[in-house]
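Following the numbering used here, the numbering of the sequence shown begins with 89 at its first residue and continues without gaps. Some notes on the structure that comes next.
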Amino acid sequence: MRTPHQIGHTFDSAGLRLASVAAGFVADARARQAAVDAEQADRDLSAAERARRAVARQRRELQAAVDEAAALRAENARLQRELAVAKTEAAVARGETARMRQRALRAEGLVLRAARAA
């Protein structure tokens, strides 16, 4: 046999579960109402307010494009500097190669003269 305390506890548990379900229903209803209110607020905007928002959005997009262009210009400048350094290094290497070729030709000439003299 169940005691009055056990019976009361069972009713309390069931009541809490029902309250939890009801709270979920209320939260869902509030969320739906907030969405409906937001849609209605958008519809209620005056033409001037819609235009103002559109201009603000376009300004944000333009600023993003300007920022991207600045970043691309900076990247281009960096690449141009790297290219100039690479060209300079290549020119130095060509000069060294030419000097080495000249030394090799001189050495070959000396070897040929020494071979003829011998």
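Where is the CB? At the ideal position from N, CA and C, for every residue including glycine. Owing to the predicted nature of the structure, the values given are computational and were not obtained by experimental measurement.
Compute the Euclidean distance between the alpha carbons of LEU104 and ALA119, then round it to the nearest angstrom. Along the sequence shown, read from residue 1 onward, the residue named residue 104 stands at position 16. Along the sequence shown, read from residue 1 onward, the residue named residue 119 stands at position 31. The straight-line gap from Cα to Cα measures roughly 22 Å.
Taking DSSP as the reference, what is the three-state secondary structure of THR222? Residue 222 lies beyond the residue range present for the chain, which begins at 89 and ends at 206; the question has no answer from this structure.
Rounded straight-line distance, which links the Cα of LEU106 to that of GLY112: Counting from 1 along the sequence shown, the entry for residue 112 is found at position 24. Counting from 1 along the sequence shown, the entry for residue 106 is found at position 18. The alpha-carbon atoms of GLY112 and LEU106 are separated by roughly 10 Å.
What separation, rounded to the nearest whole angstrom, lies between the Cα atoms of SER101 and ALA126? On the sequence shown, position 13 is the one that residue 101 refers to. On the sequence shown, position 38 is the one that residue 126 refers to. Taking the straight line from one Cα to the other gives about 38 Å.
Could you give the distance in angstroms between the alpha-carbon of GLU184 and the alpha-carbon of GLY197? The residue labelled residue 184 in the question sits at position 96 within the sequence shown. The residue labelled residue 197 in the question sits at position 109 within the sequence shown. Cα to Cα, GLU184 sits roughly 20 Å from GLY197.
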